[in-house]
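>
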Amino acid sequence: MGSREHGATVLAIVLCSARAAAQAPAESAAVARELFDQARALLAEKDFAHACPKFEEAMRLDPGGGTILNLALCNELRGKTATAWALYDEAGRWARRDGRADREQFALEHRAALERKLARLVVVLESGAKVPGLSVRRNGVPLGEASLGEALPVDAGEHTVEAHAPGKKPLRLTVRLRDGAVRTVSIPALADDGSTKKPPPRLVREQPADAQKTWGTVLIGAGAAATLAGLRFGWQAIEQRKDAEARCPNRECEHRDAVQLNDDARRNALASTLLVASGLGLAGAGTYVLLTAEPDSRAAGLALRGRF
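Heads up, the sequence shown is in the numbering used here, so the first residue is 1 and it goes up one at a time.
1) Any idea what DSSP makes of Ser147, helix, strand or coil?
2) Straight-line CA distance for Lys80 to Glu126?
3) Identify which residue in Leu177, Thr174, Leu87 and Leu121 has its Cα closest to the Cα of Phe106.
4) Cβ of Val31 within 8 angstroms of Cβ of Leu69?
5) Around the C-beta of Thr217, are 16 or more other C-beta atoms found within 10 angstroms, so that it is buried, or is it exposed?
6) For Gly157, which residues does DSSP report across the bridge?
7) Take Trp94 and list the residues in its own chain whose beta-carbon comes closer than 7 angstroms to its own, dropping the five residues that flank it on each side.
8) Leaving out the 5 sequence neighbours to the left and right, which residues in its chain are closer than 8 angstroms to Ala165 when beta-carbon positions are compared?
9) Hey, which unbroken runs of the alpha helix (DSSP H) at 4 residues or more fall wholly within the region 51-100?
10) Quick one: what's got a C-beta closer than 7 angstroms to Asn139's C-beta in the same chain, skipping five residues either side?
11) Which residues mark the beginning and the end of the beta strand (DSSP E) in which Arg137 is found?
12) Expressed to the nearest angstrom, what Euclidean distance is found between the alpha-carbon atoms of Glu206 and Ala269?
13) Quick check on DSSP: helix, strand or coil for Asp192?
14) Between the alpha carbons of Ala112 and Ala156, how many angstroms are there, rounded?
15) Under 8 angstroms, do Glu76 and Ala84 count as touching if we go by C-beta distance?
16) Identify whether Leu121 lies in helix, strand or coil by the three-state DSSP scheme.
17) Looking at the secondary structure, which residues open and close the beta strand (DSSP E) in which Arg33 lies?
18) Checking the sheet assignment: what are the DSSP bridge partners for His164?
19) Just how far apart, CA to CA, sit Ala285 and Arg232?
20) State buried or exposed for Glu104, treating a residue as buried only when at least 16 other CB atoms are found within 10 Å of its CB.
21) Determine the direct distance from the alpha carbon of Val141 to that of Ala58, and round the result to whole angstroms.
22) When DSSP builds the beta bridges, which residues end up paired with Thr184?
23) Rounded to the nearest angstrom, what separates Leu219 and Gly281 at their Cα positions?
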């Protein structure tokens with residue numbers, strides 16, 4: 001379609017796009033009309049980058065069949081094929097509702113011509129990519145599961161596909177398409193981002209065999225201490241008995257110090273006997289406890305502590 005033909009088409013659409021402003025607030029309708037006129041002038045100058053947003057805003061403020069038809073044409077001339085294709089479909093519905101066969105025919109013809117030029121983008125998930133909480137976006141717009149694997153129309157140019165999931169590193173892919181091209185973007189399984197906290201190591205309680213060894217060691221230590229104390233008391237008793245006998249060799253003595261030494265010797269001898277007997281008993285019990293403990297309990301405990 002040549003520039004003269006486009007100009008004639010635009011003029012025809014403009015002349016046929018008068019719409020009653022009573023359906024929208026007066027102020028919004030006035031603003032929409034002003035934006036529409038500005039967009040029409042920009043379209044005639046082929047300044048599509050500024051004309052299309054003004055048509056779009058006018059459509060938002062005061063929707064109308066002529067406005068959306070101009071918006072579709074503007075996007076077509078701008079090179080946004082998929083956007084124009086979708087807008088022509090909507091413009092055709094407006095035209096049918098308004099009883100404007102001329103507009104409907106214009107929309108249908110242009111839509112059919114654009115359909116052959118549509119670029120299409122397919123987004124698929126590779127094996128293992130589907131995880132709980134996965135979010136896939138195309139140009140920032142979420143893609144539902146029903147859209148995955150489908151050849152969806154997109155405007156020619158650069159597009160981004162992003163994938164996010166909890167505990168995973170985000171993925172961002174960029175693809176560039178020409179009119180009529182079909183491209184497939186595959187999303188692989190996302191890598192872990194390392195933020196997922198590992199469960200803390202379990203506190204391993206002391207195994208029964210370990211406790212048994214501990215108690216055995218304690219008993220042996222206590223027994224050794226008691227035995228040493230008993231031997232000390234025994235040595236003192238012997239020394240005191242020698243001193244007493246030296247002072248009273250005939251065992252009958254009224255010497256007060258000798259009698260006291262003899263009494264102390266007896267008490268120390270008794271204490272020695274009790275302590276040595278108790279110490280040997282404790283040491284024997286501790287030895288038994290150690291010998292009856294599991295020999296590999298420590299290794300088992302270490303093995304448990306080393307697991308995560």
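Cβ coordinates follow ideal geometry from the N, Cα and C atoms, glycine included.
Put simply:
1) helix
2) 30 angstroms
3) Leu87
4) no
5) exposed
6) Leu177
7) Gly65 and Ile68
8) Val131, Pro132, Gly133, Leu134, Ser135 and Leu190
9) 65-78 and 81-98
10) His159 and Thr160
11) Ser135 to Arg138
12) Note on Glu206: pLDDT 49, under 50, position unreliable in the model; the coordinate value appears next. Looking at the two C-alpha atoms, the distance is approximately 42 angstroms.
13) strand
14) 17 angstroms
15) yes
16) strand
17) It is not in any beta strand (DSSP E) - Arg33 instead sits in the alpha helix (DSSP H) that spans Ala26 to Ala44.
18) Ser135
19) 22 angstroms
20) buried
21) 24 angstroms
22) Val122
23) 9 angstroms
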